[in-house]
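If you count the sequence shown from 1, position 102 lands on 508 in our numbering, and the numbers rise without skipping.
Heads up, the beta-carbon is just placed ideally off N, CA and C, and yes, glycines get one too.
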Amino acid sequence: MRVLFVGDIVGSPGRQIVHDRLADIVAERQVDLVIANGENSASGFGITPRLAEELLKKGIDVLTGGNHSWDRKEILEYLPHEPRLLRPANFPEGNAGSGLYVGTA
Numbered sequence: 407m408r409v410l411f412v413g414d415i416v417g418s419p420g421r422q423i424v425h426d427r428l429a430d431i432v433a434e435r436q437v438d439l440v441i442a443n444g445e446n447s448a449s450g451f452g453i454t455p456r457l458a459e460e461l462l463k464k465g466i467d468v469l470t471g472g473n474h475s476w477d478r479k480e481i482l483e484y485l486p487h488e489p490r491l492l493r494p495a496n497f498p499e500g501n502a503g504s505g506l507y508v509g510t511a
């Protein structure tokens, strides 16, 4: 299995690179699973539901989060409904979302 992990996608320049290059890289490298850190995709601070959906549609299979995941409050309602958008696994129980995703590649 070939896994591609994309580090921080920061703001619109990072999202543009995903848009322009991800599909080609996946095809060229025969990637089976794409994991990317999306916690800074909204102008460098947080992620919104719209941006999460946009990135997932572009071919990212799982989006990881970190300390900036909570910078956009609208993500709190979205996290429980999108299992492919992960919150940090070491956050205490009771926080929105999950730190684990099990899927198929």
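Proximal residues to Leu485 (C-beta, below 7 Å), its chain only, five neighbours per side dropped = Closer than 7 Å at Cβ, skipping near neighbours: Leu491, Arg493, Ala502 and Gly503.
So with Cβ pairs under 8 Å, would you call Ala495 a contact of chain D?
-> Any reference to chain D falls outside this structure, which holds one protein chain only.
Contact set for Phe411: own chain, Cβ-Cβ below 6 Å, skip 5 residues either direction | Residues of the same chain with a CB within less than 6 Å of the CB of Phe411, apart from the 5 flanking positions on each side, are Ile441 in chain order.
Could you check which residue in Ala448, Gln436 and Val508 has the C-alpha nearest to that of Leu461?
-> Measuring from the Cα of Leu461, the nearest candidate turns out to be Ala448.
Secondary structure of Ala511, DSSP reduced to three states = Under the three-state reduction of DSSP, Ala511 is assigned to coil, being neither helix nor strand.
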